[in-house]
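Going line by line, the protein sequences match chains A and B.
Residues 42 to 251 in the working numbering are what the first sequence lists, from first letter to last.
Residues 42 to 251 in the working numbering are what the second sequence lists, from first letter to last.
Presented below is the structure to which this report refers.
Protein chains: 2
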Amino acid sequence: MDNSETPTTPELPDSTEQRIFDAAHQVFVQKGLDGAKMQEIADHAGINKALLHYYFRTKEKLFEMVAKAVINRAFPAVQQLIEADMPLEQKIDRFVDFYIDLISRNPFVPLFIIGEINKHPDQFFEKIIPAAPPRPERFFRQVEEAVAEGRIRPISPRHLLVNVLSMCVFPIVARPMLRIVMGMSSQELNQFLKERKEEVKAFIFAALRP
Amino acid sequence: MDNSETPTTPELPDSTEQRIFDAAHQVFVQKGLDGAKMQEIADHAGINKALLHYYFRTKEKLFEMVAKAVINRAFPAVQQLIEADMPLEQKIDRFVDFYIDLISRNPFVPLFIIGEINKHPDQFFEKIIPAAPPRPERFFRQVEEAVAEGRIRPISPRHLLVNVLSMCVFPIVARPMLRIVMGMSSQELNQFLKERKEEVKAFIFAALRP
DNA sequence: GAAAAATTTAACCGGATGGTTAAACCCGTG
DNA sequence: CACGGGTTTAACCATCCGGTTAAATTTTTC
Chain A
42 MDNSETPTTP ELPDSTEQRI FDAAHQVFVQ KGLDGAKMQE IADHAGINKA
92 LLHYYFRTKE KLFEMVAKAV INRAFPAVQQ LIEADMPLEQ KIDRFVDFYI
142 DLISRNPFVP LFIIGEINKH PDQFFEKIIP AAPPRPERFF RQVEEAVAEG
192 RIRPISPRHL LVNVLSMCVF PIVARPMLRI VMGMSSQELN QFLKERKEEV
242 KAFIFAALRP
Chain B
42 MDNSETPTTP ELPDSTEQRI FDAAHQVFVQ KGLDGAKMQE IADHAGINKA
92 LLHYYFRTKE KLFEMVAKAV INRAFPAVQQ LIEADMPLEQ KIDRFVDFYI
142 DLISRNPFVP LFIIGEINKH PDQFFEKIIP AAPPRPERFF RQVEEAVAEG
192 RIRPISPRHL LVNVLSMCVF PIVARPMLRI VMGMSSQELN QFLKERKEEV
242 KAFIFAALRP
């Protein structure tokens, strides 16, 4: 199993508070708001319910903090790379590597974000939305330039970005479904996902040939 | 908003039982086992809790029936197309059209399947798994033949299938996330998803050029 | 119109769960 | 040692929720 990265809130690295928060992070991300139980979080942090409420007043508040931490870690990483000062080809190359690694380390995060937005749209769009969403305009311009120069086949920049994202994220997120659809063992799937980076890059660059 | 297709169990089309089942289908698929409340299902079906239990004994049983219906409708449709007797290029073409339509009509279904498997793996793999999972071997053979004939660039059949699936499914499932990442309004996103079929097909066939 | 089935009403039970409380305990620091 | 914050224990409350029940009411069917 992959370990989930536990985010660093501005706290002492190994304080009880941090351990509780990490436990909450893990449980919430895997089970969602409804599926997560406070007792389970306490158990997972190696403490008891009383202390849990001593540090974090309510489930709602704790969830809100976790959810904020999740998206405030997920989006800026993408943004940084997508805004970087780097040739398009290199940017795509690094993006695929980076993103597949990122999602592999946090396979439940995309599902968590999408699922919770679906289940509790109000709270999410009120409380959790990031202050600064990614701005892919620069990437779009780079694609348009490359098209204009004839370096790549004409293509909609938006669709290209979504294609890249899809091929990186979906197989990891949909892992249990792929096992069924493709009839692969867990072993085979691990091997398959390891090959992905190179396969995805090859596919993208093949599709971009003029 | 897209309407979700409500599956036809072998029941009278407009019976109370069917109305309840449809309501349960909708609520379960959107909110999952934990998030769905029996009262909500009853409300949604326009009846009361007592009658709900009169028709369907327990939440578990009802959920099991709904989950079975969901996957027994989702997978055979794919399988049929993927096993069809049809040239590879045409098969891909139709598959993209068909699959984007299917997911657009049931945007919550993939998330539901993946999420529930993650949250309750035991029950799912015991009770719900389809008797006959898709067998993509034929598709794989077609790809290998096309490669051997030089009709398409060399490519791993498995990765090709996953790429196609990813680009079809992910954007629809991740719609709320895309809104944030790409900074698009709901209107723009609708337009974007309409363009998808042609863009995805163009992308795939471009990537397959020898 | 009577019998049977469908549906409502309303109350209730029991367990799980979020949350509280008070007392005791542990443990490091001044 | 005494003080105080961290921590445990254990009991407890309120609420929600799945599920049941019994009777009344409506609708269907014969």
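Cβ coordinates follow ideal geometry from the N, Cα and C atoms, glycine included.
These figures come from a predicted structure and were not determined experimentally.
Leaving aside the five residues before and after residue i along the sequence, list all residues of the same chain whose C-beta is less than 8 Å from its C-beta, in chain order.
i      : result
G156/B : G73
M127/B : R135
T50/B  : Since pLDDT at T50/B reaches only 42, below the 50 mark, its modelled position is unreliable, and the value read off the structure follows with that caveat. Excluding positions up to five away in sequence, the list reads Q59, F62, M106, A110.
Y96/A  : T57, E58, I61
What does a CB cutoff of less than 7 Å around residue i pick up in its chain, not counting 5 residues either side in sequence?
i      : result
L201/B : V184
T99/B  : none
K238/B : V137, D138, I141
D43/B  : No answer about D43/B holds up, because its pLDDT of 37 lies below 50 and its placement is not dependable.
Q80/B  : K90
R250/B : R194
Q71/A  : F149
Going by beta carbon distance, what residues of the same chain come within less than 6 Å of residue i, once the five residues before and after it are set aside?
i      : result
P195/A : V188
A83/A  : N89, K90, L93
D75/A  : none
A77/B  : V68, F69
F180/A : I123
S226/B : none
Q120/A : P175
So is residue i buried or exposed if we call it buried at 16+ other beta carbons inside 10 Å?
i      : result
Q131/B : exposed
A125/A : exposed
F62/B  : buried
V199/A : According to the sequence as given, residue 199/A is Arg; it is not Val. Answer is buried; the Cβ neighbour count reaches 16.
K102/B : exposed
P148/A : buried
F166/A : exposed
K168/B : exposed
P162/B : exposed
P177/A : buried
L53/A  : Residue confidence for L53/A is low, a pLDDT of 48 falling below 50, so the modelled location carries little weight and cannot support an answer.
List, in order along the chain, the chain A residues whose C-beta lies closer than 7 Å to that of residue i?
i      : result
P175/B : V222
E240/B : S197, H200
R194/B : A247
F233/B : R199
M106/B : Here the premise fails: no neighbours, minimum Cβ distance about 19 Å.
In chain A, which residues lie less than 8 Å from residue i when you measure between Cβ atoms?
i      : result
G149/B : Per the sequence presented here, residue 149/B reads as Phe, with Gly not at that position. Within 8 Å Cβ-Cβ: N159.
S145/B : Simply none; closest approach about 15 Å.
I170/B : I221
M79/B  : By Cβ distance, chain A contributes nothing, its closest Cβ being about 14 Å from M79/B, past 8 Å.
Measure the beta-carbon distance from residue i to residue j and round it to whole angstroms, keeping in mind my assumption that it falls under 8 Å.
i      : j      : result
L230/A : R220/A : 6 Å
P151/B : N159/A : Contact flag wrong, Cβ pair sits at about 12 Å.
F104/B : F153/B : Wrong, their Cβ atoms sit about 11 Å apart, outside the cutoff.
A64/B  : A86/B  : 4 Å
I213/B : I144/B : 5 Å
S2/B   : E240/A : Given a span of 42 to 251 for chain B in the structure shown, any question on residue 2/B remains unanswerable.
V203/A : I245/A : Not really, about 12 Å apart at Cβ, beyond 8 Å.
A243/A : A247/B : Not really, about 13 Å apart at Cβ, beyond 8 Å.
Using a cut-off of 8 Å between C-beta atoms, extract the partners of residue i located in chain B.
i      : result
D75/A  : K72, G73, D75, G76
G156/A : G73, L152, G156
P117/A : Near P117/A there are no residues of chain B at all, since even the closest Cβ is about 12 Å away, more than 8 Å.
Check whether the Cβ of residue i lies closer than 6 Å to any heavy atom of the ligand HEM, and answer yes or no.
i      : result
L201/A : Although the ligand HEM was asked about, the structure shown includes no ligands whatsoever.
Using a C-beta to C-beta distance shorter than 7 Å, which residues of chain B count as neighbours of residue i?
i      : result
S227/A : Ordered by position in chain B, no residue passes the 7 Å Cβ test against S227/A, which lies about 12 Å from the chain.
V210/A : F211
V214/A : I155
N204/A : M208, F244
Going along chain A, which residues have a C-beta under 9 Å from residue i?
i      : result
P128/B : Neighbours of P128/B on chain A: none; closest Cβ ~21 Å, over 9 Å.
Task: Stretch pair the region 202 to 221 of chain A + the region 136 to 149 of chain A: three plus CB contacts closer than 8 Å - done: As far as the Cβ criterion goes, the region 202 to 221 of chain A touches the region 136 to 149 of chain A, which means the pair count is three or higher.
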